[in-house]
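Some notes on the structure that comes next.
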Amino acid sequence: MSEESKRREALIYHAKPTPGKIKVVPTKKYATQRDLSLAYSPGVAEPCLEIEKDKNNAYKYTAKGNLVAVISNGTAVLGLGNIGPEASKPVMEGKGLLFKIFADIDVFDIEVDTEDVDKFIETVKNIAPTFGGINLEDIKAPGAFEIERRLKEELDIPVMHDDQHGTAIISAAALINALELTGRKIEEAKIVISGAGAAAISCSRLYQAFGAKRENMVMLDSKGVIRDDRENLSSEKAEFATHRKIDTLEEAMVDSDVFIGLSMANVLSPEMLLSMANDPIVFAMANPDPEIKYDLAIKTRKDVIMATGRSDHPNQVNNVLGFPFIFRGALDVRATKINEEMKMAAVEALARLAKEPVPEQVNIAYGETKLTFGKEYIIPKPFDPRLIVEVPPAVAKAAMESGVAKEPITDWEEYQDKLRERLGSDNKMVRLLLNRAKLDPKRVVFAEADQLPVLKAAQIAYEEGIAIPILLGRKEAIQALMAEIEFDAEDILIIDPKTEEENERKDRYAKVYWEQRKRRGVTYYSAQRLMRERNYFAAMMVNEGDADALITGYSRSYPTVVKPMLELIGMADGVRRVATTNMMMTKRGPLFLSDTSINIDPDTKTLTKIAQMTSQVVKMFGLTPVMAMTSYSNFGSSSDPRASKVRDAVAYLHRYYPDMIVDGELQTDFALNADMLKDKFPFSKLVDRKVNTLIFPTLDSANITYKLLKELNEADSIGPIMMGMRKPVHILQFGASVDEIVNMTAIAVVDAQQKEKQEKEKQSL
């Protein structure tokens, strides 16, 4: 994609369909006049009077306790510098988005039009009653130090400048673990810090809090080593000035143990790296290009422990590991500030978490057989679902122990349960899916590439590294559309099965197909004719190894597309009926629904197989399947065959697959409402478990349910995911959106990865 195309896509993302990235939504009922009279006049007077009596009641009756202000004056934005308050607003909205999706914290972004420190502080103090916490962002030094210091002193709510402390907290956790791996003590480590901005100063101070010695630290700015004989040093730089008579990074690096990079790209040379002590620790955190490239560092020193700010290498120092969870813990005990004890608790929690067994969901997301504590895993991954149940409690406990918590937590198990519930409001599964596909992209043939949405999805898959597209359709039409959307990729294969230039391949495919089906009424001539059809041609590409997976169905009805797939691809060993499942991204978390597209009225045996196949798909996403077999009846309340077939399927699964967490027949509300289920049916295997999979008795019930969820609740859908096919073939719903096609492409890639892995395992036996 050209730079201009990237620019335009970014602008469209922020402008359409609604400008910006965050919005305010009601949390109370508002359907009736009674609701409105409670929400506003006259009912609203009652909480107002209670808050007037005691300001702390604002936490009880308003959103204050879960509301953070992200505040900036736009003087030090990302890599853009001093661009002003209005121009900084997209960044502040983005920070608000991260707060919400990682820790379920609501945010108002506030852009303040002043560079005057006193005026900025006054503005923040004046609006502080609205908020439960203040996140300062993108404010230039040295003013940022003064602003944060004074606001922390003068306000009674948590205040943190994430640019200073976020990187410090995450890198400190990584440093503690890296030092442990190399057998060093932090008190003895010789540390070089390249950079002297807010983040570098905060990192150095936090390392000192954990025991690093100031005399063992050398800090550099754009002028070189910060020495104590240099004139006109700011108080922050003077704090870390060295007495050593050295001037350059090259000199500072000799025999050093640790390099902390918070400066600019490529300032650390291989020669400097070689001059470091044994088992050097290098955190090259400049973004997007680090102080030394990861591959170059690893090639130069086999014994190096390396971290960067990038997601495409191990050990990403990413602030999102910190600020959402630190504020979560601070808000939940109504802390009056974020102090050193709380930051250190976050560091220790992150360091500790990296040493614990990693959930399968995280291993799957990062394509690892088993992530374990070591050189390439010294800090948790951003997708790790344990972050929200480990870091906030640690921060909250530190707030309580240091005396800044106004609402101490007494039941920690209940608190962690509430934190887990907050994960349900997020679309992490989509990010996990895309990330996993990127780890090993496969060749995906798009059978309808001359349809604009399909081609756009192929472009996104290509540019994001999700898949290697093969485009089927009219070549001239595809090339014209590619030019229109600026899909610049000369290495993309475009095939029109109807052209003469594909005759050799068509004849080869036709011969294979004819050999397979010549005793089923297929002539060689009819096989040749069928190979002109895209779906037959595409299926044969996958069969013959010319592609790894197939996406089709955008412009044709589902049944007409399924037929050639079953004829050419066929079912996997041991499967007598294929089926589909849809993963719905709901407010309560991912919910799998089966069978949404194939089996109209499945019998008992088919229902058991659908449940088994769906279970495997759920596991593919790193989740433990908790399955309800649904019906209009509950546990034998009806003897009708439509209910009894579900009951018989459950009985079969209980008998032959006792380890499966499945029960029924069960009405959907009981399946999804844990309290109702426990009250009425305490014997159920689903009691005290969160159901994440629903198996429906008929196609109409499953299909209607998933489309209702999609349209009425605006739940994102990934599917229909084909189950039981011999090869990775996935059929879109008619008229699927670009995002849905991209997600299905990722599914196809992950499916291909799985099948490739299974084939290798078979061959090794």
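Per UniProt numbering, the sequence shown starts with residue 1, numbered consecutively. A virtual CB, placed ideally from N, CA and C, is assigned to each residue, including glycine.
Whole-angstrom distance between residue j and residue i, CA atom to CA atom
| i | j | result |
| --- | --- | --- |
| GLU759 | ALA752 | 10 Å |
| MET585 | ASP35 | 29 Å |
| GLU154 | SER222 | 34 Å |
| GLU86 | MET722 | 47 Å |
| ALA45 | SER701 | 47 Å |
| ALA10 | MET613 | 39 Å |
| LEU433 | ASN743 | 8 Å |
| PRO288 | ILE466 | 20 Å |
| LYS710 | ASP257 | 54 Å |
| ASP679 | ASN634 | 13 Å |
| PRO720 | ASP688 | 29 Å |
| SER425 | PHE240 | The predicted position of SER425 is uncertain, since its pLDDT is 42 and thus under 50; a value taken from the coordinates is nonetheless stated next. When rounded, the distance between both Cα atoms is 44 Å. |
| ASN713 | THR705 | 11 Å |
| VAL737 | ALA69 | One detail in the question is off: residue 737 reads as Ser in this sequence, not Val. So the alpha carbons of these two residues sit roughly 35 Å apart. |
| ARG8 | ASP546 | 34 Å |
| LEU371 | GLU115 | 46 Å |
| VAL617 | GLY81 | 46 Å |
| PHE323 | ILE388 | 11 Å |
| ASP228 | ILE22 | 47 Å |
| VAL218 | GLU231 | 17 Å |
| LEU653 | THR606 | 12 Å |
| VAL562 | TYR377 | 44 Å |
| ILE101 | LEU423 | 8 Å |
| SER764 | ASP548 | 21 Å |
| LYS95 | GLU148 | 18 Å |
Span of the alpha helix (DSSP H) around residue i
| i | result |
| --- | --- |
| LEU274 | 270-274 |
| ARG505 | 503-517 |
| MET482 | 475-484 |
| ASP700 | 699-712 |
| PHE99 | 85-103 |
| GLU665 | Unbroken run through GLU665 is the beta strand (DSSP E), 661-666; no alpha helix (DSSP H). |
| SER764 | 738-764 |
| LEU155 | Note, LEU155: premise wrong, no alpha helix (DSSP H); not H, not E. |
| THR606 | 604-620 |
| residue 782 | The chain is shown from 1 up to 765; residue 782 falls before or after that span and cannot be answered. |
| ILE388 | 387-401 |
Those residues which DSSP pairs with residue i across a bridge
| i | result |
| --- | --- |
| ARG227 | THR242 |
| HIS730 | ILE551 |
| HIS161 | LEU136 |
| GLY374 | TYR377 |
| THR27 | Bridge partners of THR27: none, in fact. |
Endpoints, beta strand (DSSP E) assigned at residue i
| i | result |
| --- | --- |
| ASN135 | 133-136 |
| THR308 | 305-308 |
| ARG443 | 442-446 |
| GLU111 | 106-111 |
| GLY261 | 258-261 |
| ASP716 | 716-723 |
| GLY589 | 589-594 |
| SER597 | It is not in any beta strand (DSSP E) - SER597 carries neither H nor E in the DSSP assignment. |
| ALA579 | 579-586 |
| LEU471 | 467-472 |
Residue i versus the options, residue with shortest Cα-Cα distance
| i | options | result |
| --- | --- | --- |
| PRO728 | VAL738, ALA748 and PRO720 | ALA748 |
| VAL691 | ASN673, GLY81 and PRO682 | ASN673 |
| VAL522 | MET541, ALA477, SER557 and LEU568 | LEU568 |
| VAL512 | ASP496, LYS498, THR499 and MET540 | MET540 |
| ILE170 | ASP716, ALA354, GLY589 and VAL618 | ALA354 |
| GLU4 | LYS89, ILE485 and ARG443 | ILE485 |
| LYS119 | ILE134, ALA103 and ARG150 | ARG150 |
| ALA297 | ILE409, ARG436, VAL320 and GLU271 | GLU271 |
| PRO158 | PRO590, LYS23 and ASP332 | ASP332 |
| ALA58 | PRO142, PRO359 and THR130 | THR130 |
| PRO359 | LYS185, ALA265 and PRO382 | PRO382 |
| VAL404 | VAL77, LYS152 and PHE99 | LYS152 |
| ARG505 | ILE12, LYS707, SER235 and ALA527 | ALA527 |
| GLY166 | GLU180, GLY20 and VAL347 | VAL347 |
| ILE600 | MET482, LEU699, ILE105 and GLY143 | LEU699 |
| ASN216 | LEU233, VAL254 and LYS337 | VAL254 |
Nearest-angstrom beta carbon gap, residue j and residue i [assumed within contact, 8 Å]
| i | j | result |
| --- | --- | --- |
| ILE110 | ILE83 | No, ILE110 and ILE83 are not in contact; Cβ-Cβ is about 16 Å, not under 8 Å. |
| LEU206 | ALA168 | 4 Å |
| LEU694 | LEU593 | 5 Å |
| ILE397 | THR336 | One point to set straight first is that residue 397 is Lys, not Ile, in the sequence displayed. About 16 Å separates the two Cβ atoms, so there is no contact after all. |
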